[in-house]
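Using the numbering used here, you'd call the opening residue of the sequence shown number 162 and step up by one each time. The C-beta atom is built at its ideal place from N, Cα and C for all residues, glycine as well. Bear in mind the structure is a predicted one, so any value in this text is a computation, not a measurement.
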Amino acid sequence: GEVCNMINKKYNEFLPSMQSAEDLVSQVDGLSRNIDLLKAGIENEVQRDLNVAVAEFTELKQQLERDTLVLSILKKLQEFDTAIKEYNTALLEKKYVVAAQQLEKARSSLKMLESRKGFELKILKALSTELTVQTQNMLYHLGEEWQKLAIWKLPPSKESSSLESAMQSELHLCTVPSKEEEIAGPPVASVLQAFAVLGELHTKLKIFGQLLLKYILKPLISYPSLQPFTEEQSEVFILRFKSEEPNLDHSSPMEVFDKIKLIFEVLHKYLLNVPLEQPKEDEKDCRVTLAELLGDMIWEELSDCLIHNCLVNSIPTNSSKLEQYIEVIKSTEEFEKALKNMQFLKGDTTDLLKYARNVNSHFANKKCQDVIVAARNLMTSEIHNTVKITPDSCVPLPRLPDPGAGDHLKMQQTSKLLHNDMVNLENETKLSQYTFSLPTCRISSSVEKLMELAYQTLLEATASTDQCCIQLFYSVRNIFQLFCDVVPTYHKENLQKLPQLAAIHHNNCMYIAHHLLTLGHQFRYRLTNILCDGAATFVDLVPGFRRLGMECFLAQMRVQKGEILERLSSARNFSNMDDEENYCAANKAIRQVLHQLKRLGKVWQDVLPVNVYCKAMGTLLNTALTEIVTRIAALEDISAEDADRLYSLCRTMVEEGPQVFTPLPEEDKNKKYQEEVPVYVQKWMTFKELMIILQANLQEIVDQWADGKGPLAAEFSAAEVKSLIRALFQNTERRAAALAKIK
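See below:
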């Protein structure tokens, strides 16, 4: 019973809601039918009327557009016509700006007409031609006026600018507007503004600017004697030049700036203080003036010219004058300020001022360039102008600047003149007096000057700003690197051909290498603080210089050796000396070799250090003796007469050979070196033993050999001695016995 009640209750609640849903459905159906009826009605009647109306509307709209277009075209044609009429009137009255504006109006009307697509009028071509003709006409009038306003009187010749042609240049500026024009404002303004309106101002001003640079501004910068002077007459202002004796080659920047300022002031007053367009009510001051336009066109070229022909020359060459340079910077600032006030310049610090303010860096660059140029000139000057240096020579060095109390004592020790033979090293242990000494010899005076230049430059470096100091230090290193490139190539032929020059070059290189050992050392207190890792040294360049000197001299030695061997090759191998002709040839060869050595001994005398001289001469004499020994030892048959003649040839060598050793100009001092010849000539004793053999009998030869312990055995091998015995002596039992003892 309980369950039944519940179901009934639910069912009773459900029925009414079911009912209301059914009502809703039938309502919707009804509505839908109504909409369909309405739709059918619209499609049949209303749409028809609507289509007709739209078609009518479109047609009317197109008609209106056509009419409007025709109207606007007629209007533009009328505007064009009016503009040309007003232009003509204004031109007659010399109201140039108005005339130009009317032309521009006509131009814009024509532009509008030409832009109408699908509406080409025959008349447009004619209008366009008319406009061009009128524009040209106007420009012609303006050109005439402009020529009256600024009259250039230039030198006749076409030649490039010179002082003479500058003296003949004049610029006349018209100062008074004629009476009837006063209404239209000053003629300058109206002419130039009219040019501006027509877009031709730029071209006119550019030509003016170029003339101004060429005939007035640049000559004033280039010729110190040129002075501008001005003259005011009733209706014209004249600018011309006169020449005065200059007191210097280059005028100071201050003088140049004053002259240029004067020119700009004149131009500003009489010509260029003109706004580009006529004032509009709302903007009073922000108008561009002609001065600014001209300034834009010429400033870059003018400032370049000022930098290169004026400021560059004013950069000081030594640091003491750097202080005074403040004046130049100041006057550059004032010059720019004046030009800004006249509106020739806009914006701040131009290249000109930057250049002047950057004087320290230019100073360093100029200094470095001067140093390198000077060095190069020294390197390409003659090698054979020499000076004598001795172990006591020193590079004349001014006292080094005191680096401050702390280093005071250390400094005192390094600032003494730098001796070639004494250097205090860091730990102050004294090295032998000759550790760093240079032997007496001759070097090119240009190389001595080069060394002085290096010292001077380093000294200057220690007194300079850090940046400059670094640049100068590297400049000095560059000098030496340049030497290695320039000298061997520039003097190549002479170094190969002339033994004396090769010797001097050898000394030059050794002298430089010697100084490079200690060069950084004297300046270390100042340089090491700035250069990273304290790399203020030149020691790394030393081996290169020694090699350079050695290679050149050894090449010369090879040439001389070649000549000696060449001469001895004409001695017919020293065979068959009993033949008169052969003997003469051999004798001549020996004489030539001695003559060659004597000549070398003379050209190297007092040039090479004595020890190098003796080694070199010894080596060459040795070459000759070795060749003679080799040739004679190779002979298969030597007659008694041959032997005698060979002996006398050898005696000539032994007697005259030592006499070619003349290292010193004082004759008496050379004896010592001539007696020491055996020390320098390796084969000297061999040669002497050969002479003994040529004169000896068999027993004497066996005695000289002394079982391989005698003097002969020290110089020749058993085979060589046997060969000589076979050549000298007939085949006998005594000879066989002697040969048996040589082993």
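Given residue i as reference, the closest of the options once Cα atoms are compared
i	options	result
Pro872	Leu387, Leu885 and Met846	Met846
Glu461	Leu514, Ser475 and Tyr841	Leu514
Thr391	Ala499, His333, Asp419 and Gly202	His333
Gln860	Val838, Glu894, Lys849 and Ala875	Glu894
Val700	Met852, Gly681, Pro839 and Thr511	Gly681
Gly779	Val720, Leu758 and Lys528	Leu758
Ala794	Asn783, Leu807 and Thr784	Leu807
Glu291	Phe402, Leu432, Lys246 and Leu324	Lys246
Asn526	Thr511, Glu484, Phe634 and Phe496	Phe634
Phe369	Ser351, Val397 and Lys314	Lys314
Pro716	Leu656, Gln297 and Pro389	Checking the displayed sequence, the identity of residue 716 turns out to be Ala instead of Pro. Nearest of Leu656, Gln297 and Pro389 to Ala716, Cα basis: Leu656.
Leu230	Phe524, Thr813, Ala867 and Arg277	Arg277
Leu614	Gln530, Lys379, Lys883 and Ala867	Gln530
Ile789	Glu305, Thr823, Ala777 and Ala750	Ala750
Thr547	Ser492, Lys507 and Ser606	Ser606
Asp553	Asn519, Ala517, Thr511 and Pro600	Pro600
Lys830	Gln766, Thr219 and Ala287	Gln766
Sub-7 angstroms separation of residue i and residue j beta-carbons
i	j	result
Ala888	Glu827	no
Glu386	Ser404	Reading off the sequence shown, one finds Ser at residue 386, where the question assumed Glu. A contact, by the Cβ cut-off of 7 angstroms.
Ser800	Asp739	yes
Leu702	Phe641	yes
Ala452	Gln371	no
Ser480	Pro414	no
Ala664	Leu769	yes
Leu620	Val637	no
Thr541	Tyr651	yes
Thr784	Lys722	yes
Ala899	Val863	yes
Ala260	Leu252	yes
Leu454	Leu366	yes
Arg812	Asn734	no
Gln110	Phe848	Nothing about residue 110 can be reported from this structure: the residues present for the chain run from 162 to 904 only.
Pro819	Val838	yes
Leu378	Leu463	yes
Ala804	Leu855	yes
Leu432	Leu539	no
Glu817	Leu726	no
Val764	Gln661	yes
Cβ neighbour criterion (16 or more within 10 Å) applied to residue i
i	result
Leu786	buried
Gln891	exposed
Leu221	exposed
Arg728	buried
Phe418	buried
Pro317	exposed
Leu235	exposed
Asn166	exposed
Leu353	buried
Val213	exposed
Leu500	buried
Met572	With a pLDDT of 33 at Met572, under the threshold of 50, the modelled position of that residue is not reliable, and the figure given next carries that caveat. Looking at its Cβ environment, which holds 16 or more other Cβ atoms inside 10 Å, Met572 is buried.
Ala897	exposed
Val534	exposed
Residues that DSSP places opposite residue i in a beta bridge
i	result
Leu400	Leu332 and Thr391
Trp866	DSSP output for Trp866 lists no bridge partner at all.
Ile377	Paired residue(s): none; Ile377 is not in a bridge.
Lys314	Glu331
Residue i, enclosing alpha helix (DSSP H) - first and last residue
i	result
Thr650	Asp627 to Tyr651
Asp531	Val520 to Met540
Pro753	Just to set this straight, residue 753 is Gln in the shown sequence, not Pro. Where Gln753 is concerned, the enclosing alpha helix (DSSP H) stretches over Glu741 to Val764.
Gln504	Counting along the chain, Gln504 falls outside any alpha helix (DSSP H), and DSSP gives it neither H nor E.
Ser269	Tyr257 to Ser276
Phe241	Gln208 to Leu253
Gly710	Val703 to Leu729
Gly681	Pro660 to Gln683
Thr787	Val771 to Ala794
Ile468	Where Ile468 is concerned, there is no enclosing alpha helix (DSSP H), given that its DSSP letter is neither H nor E.
Ser884	Ala879 to Leu889
Boundaries (first-last residue) of the beta strand (DSSP E) holding residue i
i	result
Ser605	Cys602 to Ser605
Thr547	Thr547 to Ile550
Residue i Cβ short of 6 angstroms to the ligand MN heavy atom set
i	result
Ile793	Within the structure as shown, the ligand MN is missing, as the structure has no ligands at all.
Residue-level contact to chain D via CB, residue i, 7 angstroms cutoff
i	result
Val207	No chain D is present in this structure, which holds just one protein chain.
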